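S.K.:
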Amino acid sequence: MANSPSDSATPKGEPWVWFTSLGLIVGLTMVVGLLGLVMVNGFAVFWAPEVPTVKLVDGTTHIGQLAQRRIRPGSPASDPRYERQYQVGLREVNGGSYVWVDEKKISQESIEPAVLGLERMENGPAFVVPVALVDSQGIRIPAGEGKFFPALEAEVRHAGEIREQLNDINRGQIGEVNAEMESLRIAQRRAEDRREPTQAIVERLAKLDARFAELKAAGDKVAAGISATRLEVRDASGRALTLPVASLVRAWEPNRMTFGQRVGLFFGRLREFLLDEPREANTEGGLMPAIFGTLVMTVFMSLLVTPFGVIAAIYLREYAKDGPVLRAVRICVNNLAGVPSIVFGVFGLGFFVYVLGGSLDRIFFADQLKYNNNTPVLGTGGLLWCSLTLALMTLPVVIVATEEALSAVPRGMREASLAAGASKWQTIRDILLPASAPGILTGVILAMARGAGEVAPLMLVGVVKLAPTLPVDGLAPFLHLDRKFMHLGFHIFDLGFQSPDSDAARPMVFATTLLLIVLVVCLNLGAITIRNRLRARFKGASF
Amino acid sequence: MPATMNPTTSRIQVRPATEKEGRKDYISIRDFNFYYGAKKALESISLDVPERRVVAFIGPSGCGKSTLLRNLNRMNDLVDGIRHEGDITINGRSIYDPGLEVISLRRRVGMVFQKSNPFPKSIYENVVYALRVMGVRDRAILDEACETSLRKAALWDEVKDRLQDSALGLSGGQMQRLCIARAIANRPEILLMDEPCSALDPIATGKIEELIHELKEQFTIVIVTHSMQQAARVSDRTAFFYLGKLIEYDTTEKIFMNPSQAQTEAYISGRFG
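Those sequence lines, one after another, are chains A and B.
According to our numbering, the first sequence holds residues 1 to 543 in order.
According to our numbering, the second sequence holds residues 1001 to 1273 in order.
#1: How many angstroms separate the CA atom of V26 (chain A) from the CA atom of W18 (chain A)?
#2: Is N178 (chain A) buried or exposed, if buried means 16 or more other CB atoms sit within 10 Å of its CB?
#3: Just checking: is the beta-carbon of G1110 (chain B) within a distance shorter than 8 Å of some beta-carbon in chain A?
#4: Using a Cβ cut-off of 8 Å (strictly closer), state whether I1027 (chain B) contacts chain A.
#5: Can you tell me whether DSSP reads W252 (chain A) as helix, strand or coil?
#6: Under 8 Å between the Cβ atoms of L248 (chain A) and R230 (chain A)?
#7: Within its chain, find whatever has a CB closer than 8 Å to the CB of E153 (chain A); leave out the 5 residues flanking it on each side and keep chain order.
#8: If you measure between the beta carbons of F485 (chain A) and A391 (chain A), is that distance less than 8 Å?
#9: With the cut-off set at 8 Å, would you say T952 (chain B) and R1237 (chain B) are in Cβ contact?
#10: Answer yes or no: does any C-beta atom of chain A fall closer than 8 Å to that of I1088 (chain B)?
#11: Taking the beta carbon of K221 (chain A) as the centre, do at least 16 other beta carbons fall within 10 Å, making it buried, or is it exposed?
#12: N1091 (chain B): which of B:E1147, B:R1023 and B:V1136 sits nearest, CA to CA?
#13: Could you tell me the distance, in whole angstroms, from the CA atom of W385 (chain A) to the CA atom of A408 (chain A)?
#14: Using a threshold of 7 Å, is the CB atom of C1063 (chain B) nearer than that to any non-hydrogen atom of the ligand MG?
#15: Ends of the alpha helix (DSSP H) at F1256 (chain B)?
#16: Report yes if the CB atom of T389 (chain A) is closer than 8 Å to the CB atom of V461 (chain A), and no otherwise.
#17: Tell me whether the beta-carbon of G219 (chain A) lies closer than 8 Å to the beta-carbon of I162 (chain A).
#18: What are the uninterrupted segments assigned as beta strand (DSSP E) that are 3 or more residues long and contained completely in the segment 1026-1056 of chain B, given in chain order?
#19: Using only CA atoms, which one of B:F1219, B:E1158, B:D1201 and B:I1212 lies nearest to N1186 (chain B)?
#20: Please list, in chain order, the residues of the segment 424-439 of chain A that have any C-beta partner in chain B closer than 8 Å.
#21: Bridge partners for D102 (chain A) per DSSP, in chain order?
#22: Residues in the same chain with beta-carbon distance under 8 Å from F148 (chain A), minus the five sequence neighbours each way, listed in chain order, please.
#23: Return no unless some Cβ of chain A is closer than 8 Å to the Cβ of T1067 (chain B).
#24: In the DSSP assignment, what are the bridge partners of G1110 (chain B)?
#25: With DSSP as the reference, label E232 (chain A) as helix, strand or coil.
#26: Could you compute how far the alpha carbon of R234 (chain A) sits from the alpha carbon of K104 (chain A)?
#27: Residues of chain A with CB closer than 8 Å to the CB of M1134 (chain B), please, in chain order.
#28: DSSP on Y1242 (chain B), reduced to helix/strand/coil?
#29: Of the choices A:G36, A:E403 and A:L184, whose alpha-carbon is the least far from that of V202 (chain A)?
#30: Write down the C-beta distance between S1116 (chain B) and Q1176 (chain B) rounded to the nearest angstrom, noting that I regard them as a contact closer than 8 Å.
#31: Could you pull out every residue in the same chain whose Cβ sits closer than 6 Å to the Cβ of T1089 (chain B), ignoring the five residues on either side in sequence?
#32: How far does the beta strand (DSSP E) with D220 (chain A) in it reach, from first residue to last?
#33: Please tell me whether R1312 (chain B) and A420 (chain A) are closer than 8 Å, where the distance is taken between their beta carbons.
#34: Does the beta carbon of M486 (chain A) sit closer than 8 Å to a beta carbon anywhere in chain B?
#35: So is K1020 (chain B) buried or exposed if we call it buried at 16+ other beta carbons inside 10 Å?
#36: Suppose you measure from the CA of R171 (chain A) to the CA of S110 (chain A); what does that come to, to the nearest Å?
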């Protein structure tokens, strides 16, 4: 513009700057809006606000946490009437966790300091007015006393510890014994079938039976320690209820807490969300299995797709002769990236699970099929098939990125290597691949981002709502590729559309979405860090 | 202008041009035609490069001098749609002999390119690359070759303390000398240099020219250059190309002092090109 003489004060030359920047602004706003919405809604799940006691003109009372406020459907736009939704909990008494209240019908709203918030093993949360804590000997600690809440907290913590011990015995140790018994029974059936001696197997089984009984007794002993203490409370309408303390997960005093305590509770819940297993049809508790499943599947997928993609790209770029066939293949590869993901899911089910898994079962696990009621091992959905299906889906991304990276290696480097007497393969291995590693990693990052968020194909080839075991554990061979697993993306779908209590599930949908975003970002950051390290090695190249 | 004059360095040992040694036709090019697709790039070239001498190829851009140079180690094989007629022999053996692997040819014919092209590896790994791809694993041999080559390339003193640093941290002139060290590490018989100084400043150019003088003790060198002064300074014989044809080939002194062709004289005196 410096050389265009203009008398006018307003620059004439560049109206398109505004237009194009407008496009960017719209895009950025949408991204920021999306992240903001997910973050606000997601984090709200863990925050404990004050819990008001709401009296209505018809005499009913609700104690509950404000969930949302909206214009009443059908109310005139000129004079909108609002209604509020409260999460009142006590699903078994109230018939639902949430109630809608017409704002005009509220006669009084107050913050009662005595209100107690409870998270329970079953039936969701509860907001109640405490009366007393009664232990098994009948000793009462009335709610008015200062030691009431500390005593309650101690009881709840104790109950949690016992649950953990029981879980360790039942799921962990008994699980191990069960797994071994299972395989021994198959071995026994096979041995009987072939008229081979079963002596050793029977002995080992007897030993395991004894061990099982031992563990069961140990479990019973721990279970005997379950507190018989009861919590006497009153619900909003004044009905007296008795809750066994053993059924409580957490208790808090929403209207007495300091800000610091609220923050503490926030992080406590966040920790549970990240590290614990789900409860209540996945609407409560943690997401550890889903986080773990997503992570393992994504990493495994990347490990599968990278070598395949890189090898294919090397052939396409370095060895294949240019011509119509090569061009057609390249177009096909590019178009593969546009195929709807569910198509890959169907292919994964039809080919990987049924054909490949079925064949492998017949070859390697014939005994298991024969002596275990035809229960398939690999011929059913699992981690391996999920990873393979997604690897296939993301293959074009890696191929295209690798081809670009290879062709971006300066000609001089290639010539220098060949002139030094290197063979083509040596040139590829020693010069081209290291030099194009950052570009290849960019492709892997894109593949990971696409793979980690994919749900539709996984539903067909091995993701489940609730998996009893993780795909990695302490039992040999440690990585169980045949196991079904949980996945954050599917978890979101499951919470949002399959949950019996959609109101209760909605905040969890946002929290899970936030988690999925964070997980994908973390995976990408990891890969980007590696890429930048590699790039730093090539910095200063003056080609 | 005599070919070898650089009194500032004592390291240069000038051999009298009359001294008889080595094959006269160490590299022998006979009736060589070369095509890129339908385009004829070289037309019936015939010339002999004597052993352990420096031959310079000069001529205007597009005259085919680089193409000829890149045929000597069959670097042009990388290009699609090429074709040649005639023959090139090195020490009596055709480089197009089907029994001769192109890899072993390139191990005997090292090449330095116009743009320095070090690998994104350490200085050490750059120098020993040719040995590594030959399968040399012995650390002592590699170390020795690295030092010898870097010394020959007059780079040793500058980099001996940072052999494991990235080669990409060197200056332009150092990088080009590193590329020379890399090209001579596996002791080739012939060194091809494709405008090795075109991207360098006069000081770096001077160092590389000095180097050429020393290297011709051991190597037969073919250098393509756009700088007439450089050709005059470093070469024993000079070939002038124009439009894919060899116009004149003679001792450097004769070409520059008393060319027999009018075109050569016109080019050298700067009247065209």
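The C-beta atom is built at its ideal place from N, Cα and C for all residues, glycine as well.
Computed from a prediction, not measured in an experiment: that's the story for all the values here.
M.R.: Quick look at the numbers:
#1: Here residue 26 (chain A) refers to the residue found at position 26 when the first sequence is read from its first residue. Here residue 18 (chain A) refers to the residue found at position 18 when the first sequence is read from its first residue. Approximately 12 Å between the Cα atoms of the pair.
#2: The residue you call residue 178 (chain A) lines up with position 178 of the first sequence. By the neighbour-count rule (16 or more Cβ atoms within 10 Å), N178 (chain A) is not buried but exposed.
#3: Residue 1110 (chain B) sits at position 110 when you count from the first residue of the second sequence. Yes - at least one Cβ of chain A is within 8 Å of the one on G1110 (chain B).
#4: Position 27 of the second sequence, counted from the start, is the residue given in the question as residue 1027 (chain B). So, not an interface residue.
#5: Against the first sequence, residue 252 (chain A) aligns to sequence position 252. DSSP places W252 (chain A) in strand when its eight states are reduced to three.
#6: Within the first sequence, residue 248 (chain A) is the residue found at index 248, counting from 1. Within the first sequence, residue 230 (chain A) is the residue found at index 230, counting from 1. Going by C-beta atoms, L248 (chain A) is not nearer than 8 Å to R230 (chain A).
#7: Indexing the first sequence from 1 puts residue 153 (chain A) at position 153. Excluding sequence neighbours, E153 (chain A) sits near A251.
#8: Position 485 of the first sequence holds residue 485 (chain A). Position 391 of the first sequence holds residue 391 (chain A). Against a cut-off of 8 Å, the Cβ pair of A391 (chain A) and F485 (chain A) comes out as no contact.
#9: Outside the shown range of chain B, which is 1001 to 1273, sits residue 952 (chain B), and nothing can be said about it.
#10: Looking up residue 1088 (chain B) in the second sequence gives position 88. For I1088 (chain B), the answer is no, since every Cβ of chain A falls outside 8 Å of its Cβ.
#11: Along the first sequence, read from residue 1 onward, the residue named residue 221 (chain A) stands at position 221. Label assigned to K221 (chain A): exposed.
#12: Within the second sequence, residue 1091 (chain B) is the residue found at index 91, counting from 1. Selected option, being the one with the closest Cα: B:R1023.
#13: If you number the first sequence from 1, residue 385 (chain A) lands on position 385. If you number the first sequence from 1, residue 408 (chain A) lands on position 408. So the alpha carbons of these two residues sit roughly 34 Å apart.
#14: Of the ligands one can find in the structure shown there are none, so the ligand MG has no counterpart to examine.
#15: The residue labelled residue 1256 (chain B) in the question sits at position 256 within the second sequence. Counting along the chain, the alpha helix (DSSP H) containing F1256 (chain B) begins and ends at T1252 to M1257.
#16: For the purposes of this step, residue 389 (chain A) is taken as residue 389 along the first sequence, with counting starting at 1. For the purposes of this step, residue 461 (chain A) is taken as residue 461 along the first sequence, with counting starting at 1. Yes, Cβ-Cβ distance for T389 (chain A) and V461 (chain A) is below 8 Å.
#17: Residue 219 (chain A) sits at position 219 when you count from the first residue of the first sequence. Residue 162 (chain A) sits at position 162 when you count from the first residue of the first sequence. Contact: no.
#18: 1027-1036 and 1039-1049
#19: Sequence index remark: in the second sequence, residue 1186 (chain B) carries index 186 (1-based). With distances taken between Cα atoms, N1186 (chain B) lies closest to B:F1219.
#20: Q426, D430, I431, P434 and A435
#21: Counting from 1 along the first sequence, the entry for residue 102 (chain A) is found at position 102. A:E83.
#22: As a working mapping, residue 148 (chain A) is identified with position 148 in the first sequence. Excluding sequence neighbours, F148 (chain A) sits near P130, A132, L133, I141 and P142.
#23: The residue you call residue 1067 (chain B) lines up with position 67 of the second sequence. So no, T1067 (chain B) is outside the interface.
#24: Translated into positions along the second sequence, residue 1110 (chain B) becomes position 110. Beta-bridge pairing links G1110 (chain B) to B:L1191.
#25: Position 232 of the first sequence holds residue 232 (chain A). E232 (chain A): strand per DSSP, three-state reduction.
#26: In the first sequence, residue 234 (chain A) corresponds to position 234, counting from 1. In the first sequence, residue 104 (chain A) corresponds to position 104, counting from 1. Whole-angstrom Cα-Cα distance: 26 Å.
#27: What you label residue 1134 (chain B) is simply residue 134 of the second sequence in a count that begins at 1. Within chain A, the residues near M1134 (chain B) are G421.
#28: Working through the second sequence from its first residue, we reach residue 1242 (chain B) at position 242. Of the three classes helix, strand and coil, the one that applies to Y1242 (chain B) here is strand, per DSSP.
#29: Working through the first sequence from its first residue, we reach residue 202 (chain A) at position 202. It is A:L184.
#30: Reading the second sequence from its first residue, position 116 is the one you call residue 1116 (chain B). Reading the second sequence from its first residue, position 176 is the one you call residue 1176 (chain B). Right, the Cβ-Cβ distance comes to about 4 Å (below 8 Å), so this counts as a contact.
#31: Translated into the one-based positions of the second sequence, residue 1089 (chain B) becomes position 89. These residues qualify, in order along the chain: S1028.
#32: The residue given as residue 220 (chain A) occupies position 220 in the first sequence. Note, D220 (chain A): premise wrong, no beta strand (DSSP E); alpha helix (DSSP H) at Q199 to A224.
#33: Nothing about residue 1312 (chain B) can be reported from this structure: the residues present for chain B run from 1001 to 1273 only.
#34: Residue 486 (chain A) sits at position 486 when you count from the first residue of the first sequence. No, because no Cβ of chain B sits closer than 8 Å to the Cβ of M486 (chain A).
#35: Within the second sequence, residue 1020 (chain B) is the residue found at index 20, counting from 1. Model confidence at K1020 (chain B) stands at a pLDDT of 49, short of 50, so the residue's coordinates are unreliable; what they give is reported in the following sentence. The residue is exposed, with fewer than 16 neighbouring Cβ atoms inside 10 Å.
#36: Counted from its first residue, the first sequence places residue 171 (chain A) at position 171. Counted from its first residue, the first sequence places residue 110 (chain A) at position 110. One C-alpha to the other measures close to 45 Å.
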